[in-house]
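Please read the structure below before turning to the comments.
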Amino acid sequence: MTGNVIAAVLLAVIVETAHFVRLRWNFDDHGYARSWHLSTIAIIVLLVVFWLDDSHRSLAVSRVMGWLPVLLFPVQFTQSYGLQTSIPLNIFSFFARQRYERNLRHGLQESVIKLNFGNAYLVITLVASTLGEQANPYFYLPGIVLLIGWPMVRNRRKRPAGVLFALFIATLFALTGQATLHFATSKYSYRGKDSGSGTGLDAKTSHTQIGKLGDIKVSRDILWRLKIRKGDPFPSLLRAASYNRYINGTWDTRLPPGSRSLVLDFQDLSAYGTSDSEDYYLIRANADGKEATLPTLPRFSIRGSVNNKSLLPMPGNAASIKDFELDGIERNSFGTIRIYPQNPIIDGTILWGDHQSPEVPPWPQQDLAVIRSESRTVAEVVESLGLKSAPTLDEKLNIVKRWFDQNFTYTRYLSIPAFYDASANPTTAISQFLTTDRKGHCEYFATAATLLLREAGVPTRYTIGFAVRETDPKDGTAVIRGEHCHAWCRVWDEKNGIWKDFDPTPGNWFALEEQRLGKSSFQWLADGLLIAREDFFLWRNRPKNQLIISIIVTILAVGALIVIIRRLAKSRHVVHEHQSAESVFESNIRTALNELEPTAKKILGPRPPGQSLPQWLLPLQGLIAAPELVAEAITLHQKLRFDPAPSSKSVKDRLQSLADQIREQLDRLADAKA
397 MTGNVIAAVL
407 LAVIVETAHF
417 VRLRWNFDDH
427 GYARSWHLST
437 IAIIVLLVVF
447 WLDDSHRSLA
457 VSRVMGWLPV
467 LLFPVQFTQS
477 YGLQTSIPLN
487 IFSFFARQRY
497 ERNLRHGLQE
507 SVIKLNFGNA
517 YLVITLVAST
527 LGEQANPYFY
537 LPGIVLLIGW
547 PMVRNRRKRP
557 AGVLFALFIA
567 TLFALTGQAT
577 LHFATSKYSY
587 RGKDSGSGTG
597 LDAKTSHTQI
607 GKLGDIKVSR
617 DILWRLKIRK
627 GDPFPSLLRA
637 ASYNRYINGT
647 WDTRLPPGSR
657 SLVLDFQDLS
667 AYGTSDSEDY
677 YLIRANADGK
687 EATLPTLPRF
697 SIRGSVNNKS
707 LLPMPGNAAS
717 IKDFELDGIE
727 RNSFGTIRIY
737 PQNPIIDGTI
747 LWGDHQSPEV
757 PPWPQQDLAV
767 IRSESRTVAE
777 VVESLGLKSA
787 PTLDEKLNIV
797 KRWFDQNFTY
807 TRYLSIPAFY
817 DASANPTTAI
827 SQFLTTDRKG
837 HCEYFATAAT
847 LLLREAGVPT
857 RYTIGFAVRE
867 TDPKDGTAVI
877 RGEHCHAWCR
887 VWDEKNGIWK
897 DFDPTPGNWF
907 ALEEQRLGKS
917 SFQWLADGLL
927 IAREDFFLWR
937 NRPKNQLIIS
947 IIVTILAVGA
957 LIVIIRRLAK
967 SRHVVHEHQS
977 AESVFESNIR
987 TALNELEPTA
997 KKILGPRPPG
1007 QSLPQWLLPL
1017 QGLIAAPELV
1027 AEAITLHQKL
1037 RFDPAPSSKS
1047 VKDRLQSLAD
1057 QIREQLDRLA
1067 DAKA
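The sequence shown: position 396 = 792 (the working numbering), numbered continuously.
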């Protein structure tokens, strides 16, 4: 279900072949520990690669888990082809391993818990199969039932009905839970199909915080990075999307009657090639390619993480773009640019400042509409400000801007409820903002200004995007963070026939937020990691660098494989027929001489920690009547433990006879001593 069929088949063949071949390796505790260290290094490396490679950092963990059967294969190999039937549990803990080795150095005994890693490996494989891109519950669940039910039925052949019934009940519970989860996910989860780069921006709808209470939480993570050409100005606002209909805290796009649907409203941008073989996309429809790509136009490069159908932020008077790796780029009637990126991180150049706008001219019915619930208050404010009598657009904008600056306060702590019922006369949040509670954030200012200007006869649209506030003029760079998300207006300039930006929010809004929030002590670290991740991804994806990386990785992988194969070749064993694997590994062998220890302890006292059994028993030669029995017994004991050749039954019988004779003499000695 992960799509890695070749790797899965290869691993399965290697693991299962252990049941049919006699080839084994004498792995000790250090060998098991090294296999775990190798797997750990592989897991960490792959986690870093996936974290650098994917726009969704949270997916890196699940992607690594999908590869765990491959990453943990070295441990499973030592389990399948080792001479022991289990591996020490302390190899998985650095501290437990250090404590065990310290105790050994000091001659202290410690019981070691052992684990059959094959059982854990099976569970890991089953879990990993659920995380693949091709995971299908309709195949996974029956497969699990088959894998579990088959061995259970084989082990209970006489009464399989009970097992089958239990499996049926478990399957029923699993299907019920799966169906419930699917229903809840489809019903309650939000699916932002056109969401932008980590900001929730949508080309069709903007759900504002108007009418909600509490503090607005903003992210300080970097979303975009800008690099200005030397001598060019910084853009002040980067528009992501515009809307023309407001209903109770939500803005959306509304086309005039008879227009095509909102889906079909997006049209591909025109491509344009210059004489110096540079390819551009023209932002405006029917734009003059030469004018939109003039070398004198200000420009900046922009870099950031994106999703499919992300909204590309750019100045309202953007002319063209170049150098982006895209599968497609579209524009709707509101000037919103939507991209289909080839990679999760994009980098390209935007040209702007040609005093044109990509939107279509206004639709009076939509772009002058004021919702009925706001019309009374809006009309009263327009009348009191004398907006309708202002002769020019600039004067109207100055009146609104000055009124907001002098009489309103910017804050991201919201205290205006959606509706306030005063004497059976409900008042909306915008009406309260304009009349009594004159404080709010940019969405309040932009929405109120849009409605006021419409009432004054100016076609206006609500716009969201980013304010360019964090700049470094020395090196011409700027960063766009989540806290730089902003809302403003696009107003129609009838005289020049263009849409232009109007930001009614008091100019000190960002300084107030910086003062209120302060700066995180570790923000520099988060910024550095994100920048390194994005830059490495773009560097790695360049064709020249891809070849270099492939060569280096291949050399390292082949070198490591050669070292591992050479070491395995030197330590291999062949388990002979009628000989168990355990019989070759000395630490698992107990002979008849081991059974003498309780009896010998009565004569010699407890065996000192770290002293071998033969060394401890040697003094018995001077205590019993037949010392040659001890010497012969020790020789046979060592032969059974360390001779790789299979031992005959006569050797074991002879050692048992010697042990019995020694025990008899020790009993006599103990009785005489008593």
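Cβ coordinates follow ideal geometry from the N, Cα and C atoms, glycine included. What you are looking at is a predicted structure, and each value in this text was computed from that prediction instead of being measured.
Considering Cα atoms alone, identify which of the options is closest to residue i.
| i | options | result |
| --- | --- | --- |
| W463 | V445, F564, F490 | V445 |
| V887 | W905, N904, N640, D833 | N640 |
| N990 | A863, V959, A842, A1029 | A1029 |
| I999 | R986, S1044, Y840, K1069 | K1069 |
| R1059 | I520, A1027, I1020, I565 | I1020 |
| L1025 | V854, L560, A996, S1053 | S1053 |
| R798 | G903, L634, L690, A408 | G903 |
| S632 | Y677, S615, R656, P709 | P709 |
| I876 | V954, R986, V614, T856 | V614 |
| P994 | A1066, A1027, I944, L925 | A1066 |
| H1033 | G645, P711, K1048, A1022 | K1048 |
| L407 | A842, D628, H880, P465 | P465 |
| F662 | Y668, W647, P653, R680 | R680 |
| W884 | E866, D871, Y858 | Y858 |
| G893 | S1044, Q752, S655, D648 | Q752 |
| L934 | K997, I742, L925 | I742 |
| T604 | T567, K626, W647 | W647 |
Only counting the same chain, and skipping five residues up and downstream in sequence, which positions put a Cβ closer than 6 angstroms to that of residue i?
| i | result |
| --- | --- |
| A852 | V778, L783, K784, K792 |
| Q494 | none |
| V747 | According to the sequence provided, residue 747 is Leu. The question's Val does not apply to it. So the qualifying residues of the chain are L693, R695, A715, S716. |
| F932 | L448 |
| L622 | F696, I698, A874 |
What span of residues does the alpha helix (DSSP H) with residue i cover, start to end?
| i | result |
| --- | --- |
| K797 | 789-803 |
| L443 | 425-449 |
| E1010 | One detail in the question is off: residue 1010 reads as Pro in this sequence, not Glu. First-last of the alpha helix (DSSP H) with P1010: 1009-1013. |
| G462 | 455-462 |
| G685 | 685-688 |
| A874 | Run containing A874: none in the alpha helix (DSSP H); it sits in the beta strand (DSSP E), 873-877. |
| E726 | Note, E726: premise wrong, no alpha helix (DSSP H); beta strand (DSSP E) at 722-727. |
To which residues of the same chain is residue i closer than 7 angstroms at the C-beta, ignoring the five residues directly before and after it?
| i | result |
| --- | --- |
| D750 | E687, A688, L693, N713, A715 |
| K510 | S482, I483, P484, L485 |
| L597 | S591, A636, A637, L707, I860 |
| A1055 | A988, L989, E991, L992, A1029 |
| P470 | S431, L434, S435 |
| G594 | Only weak support is given to the placement of G594: the predicted model assigns it a pLDDT of 42, under 50, and the value that follows is read from those uncertain coordinates. Closer than 7 angstroms at Cβ, skipping near neighbours: L619, S701. |
| F513 | V471, Q472, Q475, I483 |
Assuming residue i is part of the beta strand (DSSP E), what are its boundary residues?
| i | result |
| --- | --- |
| F696 | 695-701 |
| D675 | 675-678 |
| W888 | 881-889 |
| R857 | 856-863 |
| F898 | 894-898 |
| R635 | 633-639 |
| T773 | Segment 768-781 is the alpha helix (DSSP H) holding T773; no beta strand (DSSP E) there. |
| E866 | 866-868 |
| S666 | 666-669 |
| S352 | Lying before the first or after the last residue shown, residue 352 is absent from the chain, which here runs from 397 to 1070. |
Using the rule of at least 16 other Cβ atoms within 10 Å of the residue's Cβ for burial, across every protein chain shown, is residue i buried or exposed?
| i | result |
| --- | --- |
| E412 | exposed |
| R1114 | Because the chain here runs from 397 to 1070, residue 1114 falls outside it and cannot be looked at. |
| S435 | buried |
| R498 | exposed |
| I437 | exposed |
| P900 | buried |
| G700 | buried |
| V519 | exposed |
| Y736 | exposed |
| W905 | buried |
| Q1007 | exposed |
| T856 | buried |
| L660 | exposed |
| V441 | exposed |
| T950 | exposed |
| A820 | Low confidence applies here, because A820 scores a pLDDT of 46, under 50, leaving its location unreliable; read the following figure in that light. The residue in question, A820, is exposed, as its Cβ has fewer than 16 Cβ neighbours within 10 Å. |
Among residues of its own chain, excluding the 5 on either side of residue i, which ones have a beta-carbon nearer than 8 angstroms to its beta-carbon?
| i | result |
| --- | --- |
| Y586 | In this predicted model, Y586 has a pLDDT of only 41, less than 50, meaning its place in the structure is not dependable; the value taken from the coordinates is given anyway. Contacts found: none. |
| A386 | Only positions 397 to 1070 of the chain appear in this structure, which leaves residue 386 out of reach. |
| D1063 | T995 |
Please confirm whether any heavy atom of the ligand GDP lies closer than 8 angstroms to the CB of residue i.
| i | result |
| --- | --- |
| F932 | The ligand GDP is not among the ligands present in this structure, which contains no ligands whatsoever. |
Answer yes or no: does any C-beta atom of chain B fall closer than 9 angstroms to that of residue i?
| i | result |
| --- | --- |
| S706 | As a matter of chain content, chain B is missing from the structure shown, which is built from one protein chain. |
Item to check | Ranges of the alpha helix (DSSP H) found wholly within the region 731-755, counting only runs of at least 4 | outcome: Here no run is fully enclosed.
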